[in-house]
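Working notes, structure below.
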Amino acid sequence: MKRLQQIFCLVLLTAVLGCNKKEEDFIMPAPQILSVDPIQAVITQEAGREVRLTFNLKAASGLSQLSVNRNGSEFAKTDYVRDEISATYTFNFTIPVGTPAGTKFNFNIALKDKEGRDTSYDFAINVNQVLFITEGTIGSTPVKYIKGKINGNFTIAATDVYVVDSILSVNEGGILTINPGSTVYFKTSNNLQEISRLVISQGCKIRAEGTRTAPIVFTSDKLLKGETPASTDWGGVFIHGFAPTNQGNVIQENGFRYGGSVTNDDSGALQYVRLEYAGKNGSNALNFYGVGSRTRVNYVQIFKNENIAFRVKGGVFNMKNIAAIGHGGYGIWAEHGWQGNGQFWIFQTDRPATLVPINFWNQARSMEFRSDDNFFTRAPRTQFNIANVTVIGNGYAAGTDMGTRRGIRVRTGAFGVLQNMIVTQFANDAVRVEDLNSTEYGTTMQLGNVRSFNNNVNYEGDANTFFFNKGSFNVTDAAVPGISTTNFVGSATSTFNPTSLGSFFSAASYIGAVENDAADWTKGGIWFKNLNGTIRP
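Residue numbers (the working numbering): 105 to 641.
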């Protein structure tokens, strides 16, 4: 027995010593410097301009000191006297005016923790031009290829023939003005990774205000080459603002920031604009990321895009008289806390959503509203007031395979007012509402004066069980005469006048986006294309 006790004590002592050894062997992770911005080892910027970068600093044993050196000399230093284990460092450097091109500034950021360990991050700033314009010819047309960064203001005249080559971005608070009658072309390439697109950075503006007879067109350079354009030719237009989202105050998207707290942020204006043949390698046509209420979007058509026509992530802004004609994927997908109004919207497509040859997630919708996929009540929630909409799919016939395209869906916490809508010709469900508390239906979530007809399923989810079945919201499956896969002009009478929703709205006590031929806002001039590609006279 005594022998067994001795053995047990020996085992226990070994275990205790082993635990102590593990504690002694535990080592805190080394400090880290993490770049928030995707940056290259060498950053190019013009003299007189600023380079601004953000770094996250981490040290499990506590931050001790941050030091920044420029060409071997001290540039900045911070001593941490509290027990911080993380911090954010914002690097700002304005290149002195008159610095010769080719000058290089080498920076080293060093971080030390409480245990005396350190890590570093190296990068360089090269002084040189960042906007490149070269002359060329496509066929017999003289063109100007443009790429890089516009630091400041830049104007495109109607007489200019610019071809955007790769990425063209507006930075440093700049304003890109595009005069009425201008056509901006985007370079095409067989390489899927070579994608031409236009980017408006935070704090910058685009002023593209055309007229019915002198619209502004963003299109494929294949038109200059005499080739047939395709819906996957280029990468779209991206506008970034400081308005709120429910995904955080600072969000990165393809190397550009958006989001913040400035609800009335101004990213410019789009009016009488047609954007066509965008959607290369999964990109979307017109993208609004954290755009504020002073941004104006009126009379904008997306024509024959491949993926999503209007992509909205957060922001507080309105859209009036917009259309997506021949959209491949979604007509509009708004989420992440977008708050806005909409009136006179048209979505019409002849593209089926199928597994083969194009999937579009096998459920592409003309209108998709989401808030947050994981936390439905995360603030700010997506909230909208939308009236006078006509949504037309690629067609439905019982017993015929027309694909799986769907109409409208409100989900994941999004809510608002949908009034005076026509939804037709969808091979799957046409109108679907879900993911809300029962107390929200008929109050904060309103679906009224809707005609959903000639669809596989006219109403689905709570759009069916609450709004359609109750019979008190003028939500029916009655057809609207004249509306078809090839015609969006026509309406039915409505008791709802959208002006009750606010000053943004025009009086329109009818169901549909276009009341009749006499009031067809898509006609006149040369700004709008029919589904078959002809100009709508």
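We put the beta carbon where it would ideally sit given N, CA and C, even for glycine.
Exercise for the section: Could you name the residues of the same chain whose beta carbon sits closer than 8 Å to that of N601, not counting the 5 residues immediately before and after it, in chain order? Expected result: A611, A612 and S613
Exercise for the section: Look at the alpha carbon of T332 and the alpha carbon of G637, and state the distance between them as a whole number of angstroms. Expected result: 12 Å
Practice task
Confirm the yes/no value for this check: CB of N560, any heavy atom of the ligand NAP, distance under 7 Å.
Solution key: The ligand NAP is not part of the structure shown, which contains no ligands of any sort.
Exercise for the section: Give every residue of the same chain whose Cβ lies closer than 6 Å to the Cβ of V401, excluding the five residues on either side of it in the sequence, and list them in chain order. Expected result: Here V401 has L374 and M423 as same chain residues with Cβ atoms under 6 Å from its own Cβ, once five neighbours each way along the sequence are excluded.
Practice task
Using the Cα positions of G345 and I299, report the straight-line distance between them to the nearest angstrom.
Solution key: 22 Å
Problem - Classification of I131 by the beta-carbon crowding that lies within 10 angstroms, buried from 16 upward - result: Note on I131: under 16 other CB atoms within 10 angstroms of its CB, so exposed under the neighbour-count rule.
Exercise for the section: Indicate the three-state DSSP secondary structure (helix, strand or coil) for F632 in the structure shown. Expected result: coil
Practice task
Identify whether A261 lies in helix, strand or coil by the three-state DSSP scheme.
Solution key: coil
Exercise for the section: Just the C-alpha distance for N350 and V514, rounded to the nearest angstrom, thanks. Expected result: Each residue's Cα considered, the two are about 17 Å apart.
Handout entry: 6 Å CB neighbourhood of N626 in its chain, flanking five on each side removed
Key = In the sequence under discussion, the amino acid at residue 626 is Thr, which differs from the Asn named in the question. Around T626: F632 and R640.
Practice task
Would you check if there are 3 or more beta carbon pairs closer than 8 Å linking the region 517 to 532 to the region 489 to 497?
Solution key: A contact exists between the region 517 to 532 and the region 489 to 497.
Practice task
Report yes if the C-beta distance between A389 and N358 is below 8 Å; otherwise report no.
Solution key: The answer is no: Cβ separation not under 8 Å.
Handout entry: Backbone CA spacing between I279 and D141 [nearest angstrom]
Key = 23 Å
Exercise for the section: Under 8 Å by Cβ, that's how I've got T486 and W442 pegged, so tell me the actual separation to the nearest angstrom. Expected result: 5 Å
Practice task
Confirm, please, whether the CB-CB distance from I250 to V268 is below 8 Å.
Solution key: A contact, by the Cβ cut-off of 8 Å.
Problem - Nearest residue (CA-CA) to N524, options E564, T508, G507 and V584 - result: V584
Practice task
In angstroms with no decimal places, state the Cα-to-Cα distance between D217 and F159.
Solution key: 16 Å
Problem - Contact check, V265 vs E150, beta carbons under 8 Å - result: No; because the gap between Cβ atoms is not below 8 Å, this pair is not in contact.
Exercise for the section: Count the other C-beta atoms from every protein chain shown that fall within 10 angstroms of the C-beta of V185, then say buried if there are 16 or more, exposed otherwise. Expected result: exposed
Handout entry: Endpoints, alpha helix (DSSP H) assigned at L522
Key = Note, L522: premise wrong, no alpha helix (DSSP H); beta strand (DSSP E) at F519 to T528.
Problem - Start-to-end residues for the alpha helix (DSSP H) that takes in L327 - result: K326 to K329
Practice task
Following the continuous beta strand (DSSP E) through Q233, name the residue where it begins and the one where it ends.
Solution key: From DSSP, Q233 is part of no beta strand (DSSP E); its letter is neither H nor E.
Exercise for the section: Starting from the C-beta of S397, find all residues in its chain whose C-beta is less than 7 Å away, skip the five residues before and the five after it, and write them out in chain order. Expected result: Excluding its 5 nearest sequence neighbours in each direction, S397 has C-beta neighbours in its own chain below 7 Å: T367, N368, V420 and F421, listed in chain order.
Practice task
Put S542 into one of helix, strand or coil per three-state DSSP.
Solution key: helix
Practice task
Output the distance between the C-alpha atoms of V231 and R156, rounded to the nearest integer angstrom.
Solution key: 15 Å
Problem - Cβ neighbours of L201 in the same chain (closer than 8 Å, five flanking residues each side left out) - result: Note that residue 201 corresponds to Val in the displayed sequence, not to Leu. The residues are A151 and G152.
Exercise for the section: Apply the 10 Å Cβ neighbour rule to T135 and answer buried if 16 or more other Cβ atoms are within range, or exposed otherwise. Expected result: Looking at the sequence provided, one finds Pro at residue 135 rather than Thr. Counting Cβ neighbours within 10 Å, P135 comes out buried, since at least 16 surround it.
Exercise for the section: If I'm right that A228 touches S171 with Cβ under 8 Å, what's the distance once you round it to whole angstroms? Expected result: Actually they are not in contact, since the Cβ atoms of A228 and S171 sit about 17 Å apart, beyond 8 Å.
Handout entry: E538 to T548 span [Cα, whole Å]
Key = When rounded, the distance between both Cα atoms is 13 Å.
Practice task
Quickly, what does DSSP pair D226 with across the bridge? List them, please.
Solution key: Under the DSSP definition of a beta bridge, D226 partners with N212.
Problem - Where F236 falls, given that 16 or more other Cβ within 10 Å makes a residue buried - result: exposed
Problem - Per-residue DSSP class, three states only, for T569 - result: Helix, per DSSP.
Practice task
Tell me, to the nearest whole angstrom, how far the beta carbon of I343 is from that of F407; I am working on the premise that it is less than 8 Å.
Solution key: No, I343 and F407 are not in contact; Cβ-Cβ is about 19 Å, not under 8 Å.
Handout entry: Contact under 8 Å by Cβ, S556 with G517
Key = no
Exercise for the section: With F407 as the anchor, note down where its beta strand (DSSP E) starts and where it stops. Expected result: R400 to F407
Handout entry: Residues of its chain near V404, where Cβ-Cβ distance is below 6 Å and the 5 sequence neighbours each way are ignored
Key = L374, V377 and I426
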